[in-house]
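In full-length UniProt numbering, the protein residues as written are 1 to 645.
Glycine included, every Cβ here is placed at the ideal spot set by N, Cα and C.
Data first, discussion second: the structure below is written as structure tokens.
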């Protein structure tokens, strides 16, 4: 019998609590793409409560004192809001950097659910570290504990499972290394990323353990650029060469991949016009010869006219959201085919398209090379230019109507406000929006001049995103001014982060448009035959309906009470002066302006599928149902095989 082999060398360890280990690990994570290396986590955002103050709170304090700058902590005012800040930061950083979020147990954790859903739907990385009830169950029932008679291991944090791309609960210290590595894998994978949730029971956070020192070594997560498979590329090239009326739909993947120059080269060489989604706006500047602007329900008449005629649609980095396809009515050619370029496998097979699973920049470069010598016909180039010029004339008329301040009572229209902000802002400044009527109006009309100059959250279209999102963008790009466009309805959802902006010395310009209600949903309600019911901010009248006086709400005073500068505007000249003063300031400034909510932006000549009541006693609803059925008849399943035998 042979002698037993020598025992392995003993692994060096360091004794830390679970929370201290998490903080030390996160501080050592980096990402790298194209030779550019950066920290994965800019820091930790959060609010302390009894569930995390003695665990992650203590660990963050210790790190701040022992290793200043390793994982800075920023105190927010609302848990949902700090997730928005982290997500906006991640988008501004092309998904290569983000923040961790620490929350308490119970409402502190579940307040972040909306932010988690937003991150996952928009495919933007954020790490959520919600506290949880005791793993030992030594002191139950706990404050804020969910007690289900049929399940002893379910907590409120299980609600994160469907909105997280990765979910785990750390019951024991030994589980931490695997959970952390799994979380980093998902956060740094462009095809898989979204909200990552690691739940930490209160007692486990404070529990000590002997950790192998290797866990805390610097790690670099390399973000690759998958190349297009040769056969897939050949199929795509064949489809494009056979096309007479091709159209590119550029999505957010073009911007995240830094593929804007490659798209410029492709469009210039081939003459294929380029339409842009909400996330893809900025993929080409508004005045590029092949740019036809926004597409779909909130698109330009130029892009939508070309979409109706397109025989091949080349989707690059888009997930074909319903606004992009106008609820599957945008592309009307009976035999329309799709070529889909995306890093995510679910998106490349949509609409029965030719699947090119690859990085957007690499795929565009390969397509340009393979299509050398091929171009659309001159007449198609001329039609593209003619349609784009006609739309620009429409925008100019909306920005500068023949009678300025033509709204009711001399108030500005929202179109005029957008135009003035667009003209006062510098090319590299960023406009931010998320909900209400402004996202659609901005998509149509904002003249984007820089790939990062447009930031509208339209995957979840979450009211309240704008101000915390603007803070995240300014933190990510301190050399750019950030103009937050927000209506009164969205402002009232989450103005509290103005306090965080003051606390951190982060300057943003908030253009607060007061129209006394939910203007966007009010217009949709009217369109669908529901007569703007329940969308105006009015007092309860004697007849029991919300149709009394306008509410005496002073949003300018509210903003001033939160510590920011406030300027008010009544007309075009005063608004322009206020915007210029706010831009020149180094403090967060709210510019308050009243508008007429009944003046719409120019029509997209498009549609969005919102079902209308099939039967009704209201004539307005009956009429709307008739229009709805006409549009429904135009919906296309988009199942035509893209590869012809």
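Nearest neighbour of residue i, chosen from the options [CA to CA]
i	options	result
residue 479	523, 513, 427	427
residue 488	590, 332, 98	590
residue 268	248, 359, 281	248
residue 90	252, 48, 543	252
residue 397	384, 382, 383, 415	415
residue 75	226, 88, 60, 47	47
residue 505	490, 318, 621, 564	564
residue 612	159, 524, 534, 543	524
residue 560	131, 499, 40, 419	499
residue 34	362, 507, 292, 635	362
residue 443	278, 158, 182, 84	278
residue 517	422, 32, 539, 318	539
residue 421	133, 530, 511	511
residue 138	201, 276, 324	201
residue 246	220, 195, 303, 230	303
residue 331	318, 351, 185	351
residue 25	178, 417, 83	178
residue 113	568, 81, 144	81
N- and C-terminal bounds of the beta strand (DSSP E) containing residue i
i	result
residue 485	482-487
residue 30	29-33
residue 454	454-456
residue 596	589-596
residue 98	98-103
residue 172	That residue, residue 172, is in no beta strand (DSSP E); it is neither H nor E in DSSP.
residue 17	13-17
residue 50	Residue 50 -> no beta strand (DSSP E), and no H or E assigned at all.
Close Cβ partners of residue i (< 6 Å) along its chain, the five nearest in sequence each way excluded
i	result
residue 597	515, 519
residue 438	485
residue 321	none
residue 645	Interpretation of residue 645 is limited by its pLDDT of 49, a score under 50 that renders its predicted location unreliable; no figure is taken from the coordinates.
residue 49	104, 108
residue 463	435, 490, 493
residue 366	228, 233
residue 72	43
residue 628	612
residue 526	532
residue 664	Past the edges of the chain, shown from 1 to 645, lies residue 664, and the structure says nothing about it.
residue 440	298
residue 265	368
residue 625	612
Terminal residues of the alpha helix (DSSP H) in which residue i lies
i	result
residue 89	79-92
residue 347	345-348
residue 525	519-527
residue 204	202-205
Contact belief for residue i with residue j at Cβ below 8 Å, rounded distance in angstroms
i	j	result
residue 167	residue 18	At roughly 18 Å, the Cβ-Cβ gap does not stay under 8 Å, so residue 167 and residue 18 are not in contact.
residue 452	residue 92	7 Å
residue 198	residue 129	6 Å
residue 61	residue 101	At roughly 17 Å, the Cβ-Cβ gap does not stay under 8 Å, so residue 61 and residue 101 are not in contact.
residue 237	residue 371	6 Å
residue 617	residue 337	At roughly 45 Å, the Cβ-Cβ gap does not stay under 8 Å, so residue 617 and residue 337 are not in contact.
residue 431	residue 483	5 Å
residue 88	residue 455	7 Å
residue 188	residue 163	Contact doesn't hold; Cβ gap of about 19 Å is too wide.
residue 329	residue 636	7 Å
residue 275	residue 299	7 Å
residue 29	residue 219	6 Å
residue 85	residue 45	6 Å
residue 509	residue 583	6 Å
Cβ-based neighbour list, residue i, same chain, cut-off 7 Å, excluding 5 preceding and 5 following
i	result
residue 412	405, 571, 572, 575, 593, 595
residue 643	235, 354
residue 460	117, 118, 121, 122
residue 360	253, 254, 257, 259, 316, 317, 341
Heavy atom of the ligand NAD within 6 Å of residue i beta-carbon
i	result
residue 561	As far as ligands go, the structure on display features none, and thus does not contain the ligand NAD.
Spatial neighbours of residue i in its chain, beta-carbon cut-off 8 Å, leaving aside the 5 residues before and after
i	result
residue 15	208, 209, 210, 211
State whether the stretch 544-554 contacts the stretch 473-487, with contact taken as three or more CB pairs (one from each stretch) at a distance under 8 Å. no
Cβ pair count under 8 Å reaching 3, the stretch 388-397 against the stretch 371-379: no
When the Cβ atoms of the stretch 601-608 are set against those of the stretch 493-509, are three or more pairs found closer than 8 Å? no
So, does the stretch 290-308 touch the stretch 464-471, judging by three or more C-beta pairs under 8 Å? Taking 8 Å as the limit for Cβ pairs, the verdict is that the stretch 464-471 does not touch the stretch 290-308.
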